[in-house]
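Enquirer: Just dropping this structure here.
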Amino acid sequence: MGANLFSNYGEAVAMILFGIGFGNLLLQNNLIKKIIGLNIMDTAIYLFLAEKGYIENRVAPIVTNGVQSMEAYINPIPSGLVLTGIVVSVSVSALMLSITIRLYQRYQTLDLDEISTRLKKEGL
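Quick note: the sequence shown uses the numbering used here, first residue 143, plus one each step.
Dropping the structure here:
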């Protein structure tokens with residue numbers, strides 16, 4: 143058990159980060175803290191994909207010195223997924239923050255329970 147954990151510490155760290163972010167997302171009432179929790183979860187997924195895509199003693203798939211053997215390079219698919227995920231994550235975070243600003247301007251609070259209570263009073 144311990145040998146596998148230490149040889150796969152990157153995956154273990156990614157799972158711990160995901161758990162921290164998920165717990166933060168579930169247990170916090172503040173909208174900003176929920177957004178931070180979601181960003182921690184995103185980061186954990188990117189770390190996990192990067193760990194899975196890395197192969198010992200291989201380099202990025204950029205042909206240099208005429209080396210065209212597949213055994214010399216890592217798989218570029220996880221790297222592409224991580225870059226795409228980062229772009230989507232930044233966009234989603236910006237959208238969530240802008241909606242949070244609008245909610246704060248209207249209700250003068252970031253507490254999700256308080257906003258929900260006020261919405262019920264308004265009949266929405």
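Each residue gets a CB set at the ideal place from its N, CA and C atoms; glycine is no exception.
Determine the direct distance from the alpha carbon of T251 to that of K262, and round the result to whole angstroms.
Expert: Stepping through the sequence shown from its first residue, residue 262 is reached at position 120. Stepping through the sequence shown from its first residue, residue 251 is reached at position 109. For K262 and T251, the distance between alpha carbons rounds to 15 Å.
Enquirer: Just verifying my parser: in three-state terms, what is the DSSP assignment at Y196?
Expert: Within the sequence shown, the letter at position 54 stands for residue 196. Three-state DSSP puts Y196 in coil, outside helix and strand.
Enquirer: State yes or no: is the C-beta of F160 within less than 8 Å of the C-beta of A186?
Expert: Position 18 of the sequence shown holds residue 160. Position 44 of the sequence shown holds residue 186. In contact: F160 and A186 (Cβ atoms closer than 8 Å).
Enquirer: Out of V209, L223, P203 and K175, which has the shortest C-alpha to C-alpha gap to A268?
Expert: No statement about residue 268 is possible, as the shown extent of the chain runs from 143 to 266 and does not include it.
Enquirer: Classify D184 as buried or exposed, calling it buried when 16 or more other Cβ atoms lie within 10 Å of its own Cβ.
Expert: Translated into positions along the sequence shown, residue 184 becomes position 42. By the neighbour-count rule (16 or more Cβ atoms within 10 Å), D184 is buried.
Enquirer: Excluding sequence positions up to five away, which residues of its chain have a Cβ less than 7 Å from the Cβ of S221?
Expert: Your numbering for residue 221 matches position 79 in the sequence shown. Cβ neighbours of S221 beyond the five flanking positions: G195.
Enquirer: Residues bridged to V201 by DSSP?
Expert: Locating residue 201 in the sequence shown gives position 59, counting from the first residue. In DSSP, V201 forms a bridge with Y215.
Enquirer: Can you tell me where the alpha helix (DSSP H) with L167 in it begins and where it stops?
Expert: Residue 167 sits at position 25 when you count from the first residue of the sequence shown. Unbroken alpha helix (DSSP H) run through L167: Y151 to L169.
Enquirer: Where L173 and G152 are concerned, what is the direct C-alpha to C-alpha distance, given to the nearest angstrom?
Expert: Numbered from its first residue, the sequence shown carries residue 173 at position 31. Numbered from its first residue, the sequence shown carries residue 152 at position 10. Cα to Cα, L173 sits roughly 29 Å from G152.
Enquirer: With a 10 Å radius around its C-beta and 16 neighbouring C-beta atoms as the bar for buried, classify N166 as buried or exposed.
Expert: Position 24 of the sequence shown, counted from the start, is the residue given in the question as residue 166. Buried, since its Cβ has 16 or more Cβ neighbours within 10 Å.
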